[in-house]
Amino acid sequence: MRLDQYLASCSDAFSRTLVRKLVDLGGVHVGGRRTRKCAHAIRAGEMVEVHVDGRSLEPFVLTDEHVLYRDPFLIAVNKPAGVETQPTPARYRGTLYEALLHYLHNPFRPRDKPELGMAQRLDRETSGVLLFSIHRRAHAGLTQAIAGRSATKIYLALVSGAMPNPSGEFRSLLARNRASNLMRSVAKGGKEAITRYRVLQEWGAVSLLEIELLTGRSHQIRAHLSEAGHPLLGDVRYGGPVAVAGLDIPRQMLHSWRLTLDHPVEQRKLTLEAPLPADFQYLVDRLEAGAPV
Numbered sequence: 023m024r025l026d027q028y029l030a031s032c033s034d035a036f037s038r039t040l041v042r043k044l045v046d047l048g049g050v051h052v053g054g055r056r057t058r059k060c061a062h063a064i065r066a067g068e069m070v071e072v073h074v075d076g077r078s079l080e081p082f083v084l085t086d087e088h089v090l091y092r093d094p095f096l097i098a099v100n101k102p103a104g105v106e107t108q109p110t111p112a113r114y115r116g117t118l119y120e121a122l123l124h125y126l127h128n129p130f131r132p133r134d135k136p137e138l139g140m141a142q143r144l145d146r147e148t149s150g151v152l153l154f155s156i157h158r159r160a161h162a163g164l165t166q167a168i169a170g171r172s173a174t175k176i177y178l179a180l181v182s183g184a185m186p187n188p189s190g191e192f193r194s195l196l197a198r199n200r201a202s203n204l205m206r207s208v209a210k211g212g213k214e215a216i217t218r219y220r221v222l223q224e225w226g227a228v229s230l231l232e233i234e235l236l237t238g239r240s241h242q243i244r245a246h247l248s249e250a251g252h253p254l255l256g257d258v259r260y261g262g263p264v265a266v267a268g269l270d271i272p273r274q275m276l277h278s279w280r281l282t283l284d285h286p287v288e289q290r291k292l293t294l295e296a297p298l299p300a301d302f303q304y305l306v307d308r309l310e311a312g313a314p315v
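Letter 189 of the sequence shown, counting from 1, is numbered 211 in our numbering, and no numbers are missing.
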């Protein structure tokens, strides 16, 4: 039996149309491997898994308006919030990685797979600058610059409460808590994480911070701010409020704003900036206009 026919026969929740979209996204796995062909023939005894992340079934497509910079070695994009950086069990198509491969594909040389090196990642709900290498001569140099401390990574964040000082630093060892699956500071056994901040503006119970990320641990900014009692607005997993100024917060208010580094091939200084997305800018404007918080 065809894969789409089989899934449609398993449950009334699986229409043939829905199954086709899930298969196309890459959310259906047969025998432990992602399968993107509806006509795939199911054999007796095979395990079929369907992963659904509850988000749009329309895949993200990268366009010229998302590209901040491009040369023969690098490409920088302004990642929208809500887009996965890399493939997940629920989707391959529509992730930033897949969208970049499609964008870089040369239709006149269809057999040539684009070179794509991923040295950075952003959480799904974080927006802003992401830089990729697109030539083998740049892969190692970009990875070294991002993993080391030669690159300057600046974020903008809206957080709950007023910070105790106009600037400061969080330094701890971070490790994933097995029970909660959240990153937490530990006395030993974690990886060093250093986060610096500077207050740009305050509106009573909300602050706008400029954050410099000296290390690149998973959920580092989210964990440090939450532990300090100032979680990101909208960051439900780390205790952030879901509404402020009478407005619902649709996501965590974190934006990768500026990245500065030496070009890994040409050795010149490169500074990349991503403008604030509309939802972040709208909230700042409302706060500036005096919305009660």
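For each residue, glycine too, the CB sits at the ideal point set by N, CA and C.
All figures in this text were calculated on a predicted structure; none of them were measured in a lab.
- With respect to ILE168, ARG193 sits apart: the two C-beta atoms are not nearer than 8 Å.
- Between THR117 and the set LEU123, GLU106, THR57, SER155, the nearest pair of CA atoms involves GLU106.
- The beta carbon of MET140 is closer than 8 Å to those of THR107, GLN108, TYR119, PHE154 in its chain, skipping five residues each way along the sequence.
- Residue pairing by DSSP puts TYR219 in a beta bridge opposite GLY190, ILE233.
- The Cβ neighbour count for LYS101, taken over all protein chains shown within 10 Å, is at least 16; the residue is labelled buried.
- Less than 8 Å separates the beta-carbon of LEU230 from that of LEU178.
- Looking at the DSSP output, LYS291 bridges to ASP284.
- By the neighbour-count criterion, in which a residue is buried when 16 or more other Cβ atoms sit within 10 angstroms of its Cβ, THR148 is buried.
- Of the candidates TRP279, ARG198, ASP34, ARG198 places its Cα closest to the Cα of HIS241.
- DSSP places GLU71 inside the beta strand (DSSP E), whose first and last residues are 70-72.
- For a cut-off of 8 Å, the C-beta gap from VAL266 to LEU255 is around 6 Å, short enough to register as a contact.
- The shortest CA-to-CA distance from VAL50 to any of ALA300, ALA121, GLU71 is the one to GLU71.
- Put simply, of GLN303, LEU309, ALA296, ASP301 the residue whose alpha carbon is nearest the alpha carbon of TYR91 is ALA296.
- Taking 3 residues as the shortest admissible run, the region 94-175 contains the following complete beta strand (DSSP E) segments, listed from N- to C-terminal end: 96-101, 149-155.
- For LYS43, the secondary structure class from DSSP, reduced to helix, strand or coil, is helix.
- Collapsing the DSSP output to three states places GLU80 in coil.
- The shortest C-alpha to C-alpha distance from VAL41 to any of ARG143, HIS277, LEU236, VAL74 is the one to VAL74.
- Shown here for LEU222: same chain residues with a beta carbon closer than 7 Å to its own, the five before and five after excluded, namely LEU230, LEU231, GLU232 in chain order.
- Between VAL287 and GLY163, the C-beta gap is smaller than 8 Å, which places the two residues in contact.
- In the three-state reduction of the DSSP assignment, ALA265 falls in the strand class, which pools E and B.
- Annotation for ALA227: SER182, GLY183, ALA184, VAL266, VAL315 place their beta carbon closer than 8 Å to its own, counting only its chain and skipping 5 residues before and after.
- For LEU204, there is no enclosing beta strand (DSSP E), as DSSP gives it neither H nor E.
- Closest in alpha carbon position to ARG113, among LEU44, ALA311, MET23, is LEU44.
- Beta-bridge partners of GLU214 (DSSP): LEU195.
- As far as DSSP is concerned, ARG38 takes part in no beta bridge.
- Residue environment: ASP34 is assigned as exposed (fewer than 16 neighbouring CB atoms within 10 Å of its CB, all protein chains considered).
- Between LEU144 and LEU122, the C-beta gap is not smaller than 8 Å, which leaves the two residues out of contact.
- Take PHE36, set aside five residues on each side of it, and the residues of its chain with a beta-carbon closer than 7 Å to its own are LEU29, ALA30, in chain order.
- Within a 10 Å sphere around the beta-carbon of HIS127 sit fewer than 16 other beta-carbons, which makes this residue exposed.
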